[in-house]
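In this note's numbering, the protein residues as written are 179 to 412.
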């Protein structure tokens, strides 16, 4: 999601990144109608037709060099659904090739691949949200009422934002070292998980550790406009 300003108003340009589970050809038209850009991965056996009517499975368009290839003004599936561009790549280290349908016709093949790669940054969040032991435990929740579900998701989102920010505050103070069972320099726990651990430790935390944590947390809140706007009523 990218933000821009136009004559004092805030415009939001949304780019949807979706895996093969959402690769329904009807989705492309729906997203275009909503004004959303998209990069959606589809199966390699889906037929891709280029200008001139030449059609074959996506797998046969993938270059053996490992470089990304971009096809523009194409049609996909037997129904010949129009798509601004398709990008295909099978780089070294990839278990399977990426076949990407995108509305970003002006973007280069590498830009589309790099953009889709950002989708995997959400994998850590899945455990934070769904896991009962390490996260919010929403995978065990069964709510029939859509209204109750939406309220629960809102409360969960607010809690996740605040705990993630608390985790960032603690990590910036070097407190993560006290949570690790190893000496690796990379992050072991997500910021959300760190925030949960700091929050649970607050009742027993000594003031000389608690005060800097709370002060840094408040500082981060003040310096992030998104948090100020979203949480200003608290």
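C-beta atoms are modelled at their ideal positions from N, C-alpha and C, and glycine is treated no differently.
Residue interval of the alpha helix (DSSP H) (run including residue i)
i, result
"residue 374", "369-379"
"residue 390", "385-401"
"residue 233", "Counting along the chain, residue 233 falls outside any alpha helix (DSSP H), though it belongs to the beta strand (DSSP E) covering 233-235."
"residue 205", "203-212"
"residue 196", "Segment 193-196 is the beta strand (DSSP E) holding residue 196; no alpha helix (DSSP H) there."
Any chain B beta carbon closer than 9 Å to residue i
i, result
"residue 297", "Among the chains in the structure shown there is no chain B, since it carries only a single protein chain."
Element boundaries [beta strand (DSSP E), containing residue i]
i, result
"residue 217", "215-219"
"residue 354", "Unbroken run through residue 354: none, as it is neither H nor E."
"residue 263", "259-267"
"residue 278", "276-280"
"residue 288", "Premise fails: residue 288 lies in the alpha helix (DSSP H), 287-295, not in any beta strand (DSSP E)."
"residue 225", "225-227"
Residue nearest to residue i in terms of C-alpha spacing, selected from the options
i, options, result
"residue 200", "381, 227, 278", "278"
"residue 314", "276, 337, 288", "337"
"residue 390", "404, 237, 349, 367", "349"
"residue 249", "255, 261, 352", "261"
"residue 253", "191, 378, 203", "203"
"residue 196", "217, 228, 363", "217"
"residue 375", "257, 404, 306", "306"
Simplified DSSP assignment, three categories, for residue i
i, result
"residue 308", "helix"
"residue 124", "Residue 124 lies beyond the stretch modelled for the chain, which goes from 179 to 412, so this question has no answer here."
"residue 238", "helix"
"residue 404", "helix"
Q) Which residue spans inside the stretch 309-350 form an unbroken alpha helix (DSSP H) run of at least 4? A) 324-350
Q. How about the stretch 207-214 and the stretch 230-246: do they share at least three Cβ pairs that are nearer than 8 Å?
A. no
(Q) Pairs of beta-carbons, one from the stretch 260-268 and one from the stretch 287-300, closer than 8 Å: are there three or more? (A) yes
Q) Is the stretch 331-345 in contact with the stretch 366-384, if contact means three or more CB pairs nearer than 8 Å? A) yes
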